[in-house]
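S.K.:
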Amino acid sequence: MSIAPLNYQYNEYSETVSDWNSYGVWVNKLLAGKGELSPGTQNFVRALTDTLPDVRSKVKAVYQYMQARTRYVAISEGIGGYQPMPASDVDKYAYGDCKALSNYTKALLASIDIPSYYTEIGADSRRILFSDFASADQTNHAILTGPLDGDTIWLECTNPYNPFGYVGSAIANMPALAVTSEGGQLIAMPEYFAEDNVREYHLNLKLDLNGDASADMSTIAKGLRFEELYFLKTGTKKQQQDYLLSHLPLKNLIIDDFKLTEGLELSPTASLNVIFRAAKYAHSSGNRLMLPLNTLSPLTIKVDKRSTREFDLHFDIPGTDISHFVYEIPAELEVEFLPPEIILENDFLSFQSSCELIDNKLNYHRSFILKQNIIPKDNVSDFVETLEKIRKQDNPKAVLKLN
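No gaps in the numbering here: position 222 of the sequence shown is 466 in my numbering, and each next residue is one more.
(1) With residue 461 as the anchor, note down where its beta strand (DSSP E) starts and where it stops.
(2) Can you tell me where the alpha helix (DSSP H) holding residue 610 begins and where it ends?
(3) Could you tell me which uninterrupted alpha helix (DSSP H) segments, each at least 4 residues in length, are contained entirely in the segment 452-540, listed from first to last along the chain?
(4) Sort 386, 463, 462, 534 by Cα distance to residue 454 and report the nearest one.
(5) Give me, in chain order, the residues of the same chain whose beta-carbon lies closer than 7 Å to that of residue 397; leave out the 5 immediate sequence neighbours on both sides.
(6) To the nearest angstrom, report how far apart residue 631 and residue 407 are at their CA atoms.
(7) With DSSP as the reference, label residue 285 as helix, strand or coil.
(8) Cα separation between residue 200 and residue 428?
(9) Give a yes or no on whether the C-beta atoms belonging to residue 518 and residue 461 are separated by under 9 Å.
(10) Quick one: grab the DSSP three-state call for residue 581.
(11) Restricting to runs no shorter than 3 residues, where is the beta strand (DSSP E) found entirely within the segment 345-372?
(12) Work out the CA separation of residue 539 and residue 493 for me, nearest whole Å.
(13) Let's see if you can read the secondary structure: which residues bound the alpha helix (DSSP H) around residue 268?
(14) Please identify the residue among 342, 273, 272 whose C-alpha is closest to the C-alpha of residue 314.
(15) Kindly list the residues whose CB is nearer than 6 Å to the CB of residue 370, restricted to its own chain and excluding five residues on each side of it in sequence; keep chain order.
(16) Can you tell me whether residue 199 is buried or exposed? The criterion is at least 16 other CB atoms within 10 Å of its CB, across all chains shown.
(17) For residue 312, I'd like the list of residues in its chain whose CB is within less than 8 Å of its CB, leaving aside the five on either flank, ordered along the chain.
(18) Identify, in the order they occur along the chain, each residue of the same chain with its Cβ nearer than 6 Å to the Cβ of residue 435, setting aside the five sequence neighbours on each side.
(19) Grouping DSSP H, G and I as helix and E and B as strand, with all else coil, what is residue 401?
(20) Hey, residue 254 and residue 326: beta-carbon distance below 9 Å or not?
(21) Can you give the beta carbon distance from residue 573 to residue 604, rounded, assuming they're within the 8 Å contact cut?
(22) Check the DSSP bridge columns for residue 599 and list the partner residues they point to.
(23) How is residue 315 classed by DSSP in three states: helix, strand or coil?
(24) Which residues bound the beta strand (DSSP E) around residue 565?
(25) For the beta strand (DSSP E) that residue 424 lies in, which residues bound it at each end?
(26) In this structure, does DSSP put residue 382 in helix, strand or coil?
(27) Report all residues from its chain with a CB closer than 6 Å to the CB of residue 280; omit the five preceding and five following residues, and keep chain order.
(28) Between which two residues does the beta strand (DSSP E) holding residue 295 run?
(29) If we count the other Cβ atoms within 10 Å of its Cβ and call it buried at 16 or more, is residue 480 buried or exposed?
(30) Please name the residue in 550, 588, 382 whose C-alpha comes closest to that of residue 247.
(31) By the three-class DSSP mapping on this structure, what secondary structure does residue 662 have?
(32) Could you compute how far the alpha carbon of residue 295 sits from the alpha carbon of residue 285?
(33) Is there contact between the segment 497-505 and the segment 566-584, where contact requires at least three CB pairs shorter than 8 Å?
(34) Kindly indicate which residue of 596, 613, 541 has the alpha-carbon position closest to the one of residue 445.
(35) Using DSSP bridges, identify the partner residues of residue 543.
(36) Tell me the DSSP secondary structure of residue 630 in three-state form.
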């Protein structure tokens, strides 16, 4: 059972809230008078954007200006939990919470006659659950929504590293409430599918007769998987290297060099290139080497194997993993055994792996797709069974024999 007041009264702000539209009317009252900026700031924004060719580039310039000069400070005491501080104060002190920074960005855009909508949303574990039942406790975050040349742009104003227009995992596929001049309007945030959330792994590894390896590995993350790499941007070079040393699943690892790059236009991507060495990458057994083919992109999904469930099984996101690994082996070694091709699939996941020898190079290909992130409780048993079959065959070994 959910209970919410019909009549809202907070200080001088009152409204009868019977639906999301009237809730938006109340929020509009909280926003009234909070969007004023000094003439100097307005003139600065006009000068910043006057020569830019279109609305999108102007919005981007304003957004990045806001990111560069403000920082997030939580303000939740009293009415501050619902009402943003004035845009002029954010401009003066260069800080604010999600409400204040979103309202400030809205005011900056308004100074160059670009409309936008203050938007409330439930982030992370909170969400708007009921379209026909309005209550303030269904939201805990504010962003900005802007019409853009027949499209819509969403601006997450609290993260100084967020790419322009990127809708992150905390708010993707969530209902949100755009506060228009007429009241609240429920809208749907963009949804990401398995084919959007992609992590690609590429490896070129040279093996010697002792089983030691030197390698060049790159991984590219797209969609919501972008966040798996992009967060490294906030750390120092030392912190980044320490993270790689602790998270790359290799023993005897020496990192010679690494580089993180990003493409932040339209659909953001993050790329990580690592040059490394690893002793005993392949283990010896007599005159043979056992070469693991998928040490670097193992299956990470973990599921409780309980036999009965009361609820559906939820994962954070659907997604796709693709691996292309090339192993260059010494001419003195011959391939004695290669694992067979594996194909496993059901309604919720897909797995395929294969390996072939071409010109003294082993080419290993792997793909794993989690097709959807919610598995109905009646299907979990079959899902887990298939997942365990994949796990048992996910790091096959090639056997190399000394000639």
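Glycine included, C-beta positions come from ideal geometry on N, C-alpha and C. In this text, all values refer to a predicted model and were calculated from it rather than measured experimentally.
M.R.: According to the structure data:
(1) Here the question's residue 461 lines up with position 217 in the sequence shown. From DSSP, the beta strand (DSSP E) with residue 461 extends over 457-466.
(2) For the purposes of this step, residue 610 is taken as the residue at position 366 of the sequence shown. For residue 610, no alpha helix (DSSP H) run applies; the uninterrupted beta strand (DSSP E) run containing it begins and ends at 605-614, by DSSP.
(3) Listed in chain order, they are 470-474, 481-491.
(4) The sequence position of residue 454 within the sequence shown is 210, counting from 1. Of 386, 463, 462, 534, the residue nearest in Cα terms is 534.
(5) Residue numbering aside, residue 397 sits at position 153 when the sequence shown is read from its first letter. Here residue 397 has 303, 390, 409 as same chain residues with Cβ atoms under 7 Å from its own Cβ, once five neighbours each way along the sequence are excluded.
(6) Residue numbering aside, residue 631 sits at position 387 when the sequence shown is read from its first letter. Residue numbering aside, residue 407 sits at position 163 when the sequence shown is read from its first letter. Straight-line Cα distance between these residues: approximately 34 Å.
(7) The residue you call residue 285 lines up with position 41 of the sequence shown. Of the three classes helix, strand and coil, the one that applies to residue 285 here is helix, per DSSP.
(8) Residue 200 is absent from the structure shown; the chain starts at 245 and stops at 647.
(9) To locate residue 518, count along the sequence shown from 1; it is residue 274. To locate residue 461, count along the sequence shown from 1; it is residue 217. In this structure, residue 461 lies closer than 9 Å to residue 518 by Cβ.
(10) Residue mapping note: residue 581 aligns to position 337 of the sequence shown, counting from 1. Note: residue 581 maps to strand in three-state DSSP.
(11) The qualifying runs are 361-365.
(12) Within the sequence shown, numbered from 1, the residue matching residue 493 stands at position 249. Within the sequence shown, numbered from 1, the residue matching residue 539 stands at position 295. Spanning the two alpha carbons is a distance of roughly 7 Å.
(13) By 1-based counting over the sequence shown, the position of residue 268 is 24. Counting along the chain, the alpha helix (DSSP H) containing residue 268 begins and ends at 264-275.
(14) Taking the first residue of the sequence shown as position 1, residue 314 is located at position 70. Minimum Cα distance to residue 314 is reached at 342.
(15) Residue numbering aside, residue 370 sits at position 126 when the sequence shown is read from its first letter. The residues are 384.
(16) Outside the modelled stretch of the chain, which goes from 245 to 647, sits residue 199, for which no answer is possible.
(17) As a first step, residue 312 is located in the sequence shown; it is residue number 68 there, counting from the start. So the qualifying residues of the chain are 404.
(18) Mapped onto the sequence shown, residue 435 falls at position 191. Around residue 435: 417.
(19) In the sequence shown, counting from the first residue as 1, residue 401 sits at position 157. Three-state result, residue 401: coil.
(20) Taking the sequence shown and counting its residues from 1, one reaches residue 254 at position 10. Taking the sequence shown and counting its residues from 1, one reaches residue 326 at position 82. Yes, Cβ-Cβ distance for residue 254 and residue 326 is below 9 Å.
(21) Residue 573 sits at position 329 when you count from the first residue of the sequence shown. Residue 604 sits at position 360 when you count from the first residue of the sequence shown. Residue 604 and residue 573 do touch by the CB rule: their CB atoms are close to 6 Å apart, below 8 Å.
(22) Counting from 1 along the sequence shown, the entry for residue 599 is found at position 355. Bridge partners of residue 599 according to DSSP: 608.
(23) Walking along the sequence shown from the start, residue 315 turns up at place 71. Strand, per DSSP.
(24) Walking along the sequence shown from the start, residue 565 turns up at place 321. Start and end: 563-572.
(25) Working through the sequence shown from its first residue, we reach residue 424 at position 180. Annotation: the continuous beta strand (DSSP E) that includes residue 424 extends over 419-424.
(26) In the sequence shown, counting from the first residue as 1, residue 382 sits at position 138. DSSP, read as helix, strand or coil, puts residue 382 in helix.
(27) Residue mapping note: residue 280 aligns to position 36 of the sequence shown, counting from 1. 332, listed in sequence order.
(28) Here the question's residue 295 lines up with position 51 in the sequence shown. It is not in any beta strand (DSSP E) - residue 295 carries neither H nor E in the DSSP assignment.
(29) What you label residue 480 is simply residue 236 of the sequence shown in a count that begins at 1. Label assigned to residue 480: exposed.
(30) Working through the sequence shown from its first residue, we reach residue 247 at position 3. Considering only 550, 588, 382, the residue with the shortest C-alpha distance to residue 247 is 382.
(31) With the chain running from 245 to 647 in the structure shown, residue 662 is simply not present.
(32) For the purposes of this step, residue 295 is taken as the residue at position 51 of the sequence shown. For the purposes of this step, residue 285 is taken as the residue at position 41 of the sequence shown. Going by the C-alpha atoms only, they are around 17 Å apart.
(33) When C-beta atoms of the segment 497-505 are compared with those of the segment 566-584, fewer than three pairs fall below 8 Å, so the two segments do not count as touching.
(34) Here residue 445 corresponds to residue number 201 of the sequence shown, with the count starting at 1. Selected option, being the one with the closest Cα: 541.
(35) Numbered from 1 along the sequence shown, position 299 holds the residue referred to as residue 543. When beta bridges are read from the DSSP output, residue 543 appears opposite no residue.
(36) On the sequence shown, position 386 is the one that residue 630 refers to. Collapsing the DSSP output to three states places residue 630 in a helix.
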